[in-house]
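For the sequence shown, counting from 1, position 175 maps to 175 in the UniProt record's numbering; every step adds exactly one.
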Amino acid sequence: MASSLFLGVGDVNATEVLTNDAGATELGANETGTDETGTDEIVAKEREASQAQVSTTKYESRSETDPLAGAKIEAALVYYQERDRVTAAEGIIHYRQALDDSNTLRAKIALDALTGASANGAVIQARPQSFTRPSGTGVYQARAGELPLDDTFKDTRLQLSANWQHLFSAKWQMNLGGYLSREYDYTSIGVNGSGEHSFNQSNTQVFFGSAYYFDIVDPVGGRPVGLSEMVFRKDFASEEAFRQAFDATRRYDSALKRTLDLNLGVTQTLNTHWQAQLSYSLSAVSGYLSDAYKVVSRIDGVGQAQGYHYEARPDERLKHNLFAMAKGALTSGTLTFSYRYSDDDWSIQAHTLDARYRYNLTDGGYWQWQFRAYLQQAAEFYRLYLTEGEALPEFASADHRLGKLETYTLGVKYAHKLDAGQLASIRLAYYQQRPQNPGISLPGELASYDQFPRLDAIVLQLGMRF
């Protein structure tokens, strides 16, 4: 089943941490600074990566005597490890072939596997807690004083993307792409296209693009009815009675999700050393946006859980992103600064700051350092808990990725050019997620525990460019 690590919103997942050098030729998910909801977030990030396989660079044409001249291959292995939670591993191959002076094909295949446990949304309690597994078969437990973690997932995902770039002239180019991602309980299919026009002696480029994605969601055990209460086998006299009650909380047909992305931007060469970019993007999402594996605790006046309800999110979302970047060529290397502002109709506002310095070595290799900060406000329907005796709201989620949070990434990368011309690289990054209390009161025993625990993770990435 889809890991909740890759579900929800905010740059609070492996993909965000795996962010490497931005650009069409870099492997791993590209930084987006956006927050995806109700779907496999790594899928959403990879979508932007597939769209980002567009480059303004004119690659070398194919030799008449060597059909592989102009071909470039990159490969990477990525390992992601959270402390006491999720472990993920991913292999990526990116192939680029210049067919002639005007046409370039790109293709990427990625295979990742993950296992471990992630927070299910329930509050920490002074007594052990039990939860019915998503399949309805058996339970998983959280010990007293520990954050409830759902350890029921193991998943493998295959992602394919391809892009065709055509240069009409030195001033105009077009890109068309396709995307497919498949895992046990989630399928995503997409198409994208973009165009770019250069003018002002090629010092200015205007780009525009769009993408459409169609997703099919089949959660393990079916989709929970929003805010229906979790049932337990021990409360029923027979398995048949339990299954009947469990089925009443489920929808077993496939759920659909549709996404339309639009973007527009401009890149301007300021002088011989600096370049700036400004872009705006709009994303309209509709369909099943909830996380089928998240719950919200229902507590009494002394903070003790009396039950658990499956979360419910709106079935539509409209998101705006404004992105600005400045990149400078220094004597020793390259300095890049970027800022992204994100806002949506769920009242989630987010700010992403990213700074990178690349120091070039005389042998063709380089060192690169990165610092990244992400600050997010809580969704309007974020609730740490529901209150016993009160009417259920229309929407509610205790997913910390929908709450107020801060995340920070520190990374360093070393690349070395081999004698045969290949470029080998290694990257190490430390990622920290800091959920914040947006002003929610903590009655009774809730105040005795840190209901917003920090998460730490390490990323190791090995790469080779041929």
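All residues carry an ideal CB built from backbone N, CA and C; glycine is no exception. Here the structure is a predicted model, which is why all the values come from computation and not from measurement.
Sequence-distant partners of V285 (beyond 5 residues in either direction) whose C-beta falls short of 6 Å from its own C-beta, in its chain, are T259 and R317. Taking the CA atoms as reference points, S281 sits about 24 Å from T187. Using a C-beta cut-off of 8 Å, the region 421-436 makes contact with the region 446-462, since at least three inter-stretch Cβ pairs fall below that distance. Counting other Cβ atoms within 10 Å of its Cβ, I426 stays below 16 and is therefore classed as exposed. Residue environment for N271: exposed (fewer than 16 other C-beta atoms within 10 angstroms of its C-beta). If you look at R243, you'll find it in the alpha helix (DSSP H) that goes E239 to D247. In the three-state scheme derived from DSSP, where H, G and I count as helix and E and B as strand, H166 is classed as strand.
Comparing alpha-carbon positions, the option among G333, I92, P134 and A276 lying closest to T249 turns out to be P134.
Nearest to V266 by C-alpha distance, out of G138, A241 and S198, is S198. Distance between E390 and Y308, taken at the CA atoms: about 14 Å. Per DSSP, I440 is not a residue of any beta strand (DSSP E), being assigned neither H nor E. Contact annotation: T409 and Q377 have beta-carbon atoms that are not nearer than 9 Å.
In the three-state DSSP reduction, K234 falls in the helix class (H, G or I). Bounds of the beta strand (DSSP E) holding Y341 are G333 to D344. The beta carbon of H166 is closer than 7 Å to those of S102, N103, Q173 and M174 in its chain, skipping five residues each way along the sequence. Counting C-beta pairs with one atom in each stretch, the region 326-341 and the region 150-163 have fewer than three that are closer than 8 Å, which means they do not touch. If you ignore the 5 residues before and after G145, its C-beta comes within less than 7 Å of the C-beta of I124, A126 and Y449, all in its own chain and listed in chain order.
As for any alpha helix (DSSP H) of minimum length 4 sitting wholly inside the region 100-134, there is none.
Ranked by Cα distance from N203, the first of H273, T115 and S290 is H273. Around A75, the same chain offers I93 and M464 as residues with beta carbons nearer than 6 Å, after the five sequence neighbours per side are excluded.
The alpha-carbon separation between F236 and F242 amounts to approximately 6 Å.
Straight through space, the alpha carbons of D253 and I73 are spaced by roughly 41 Å.
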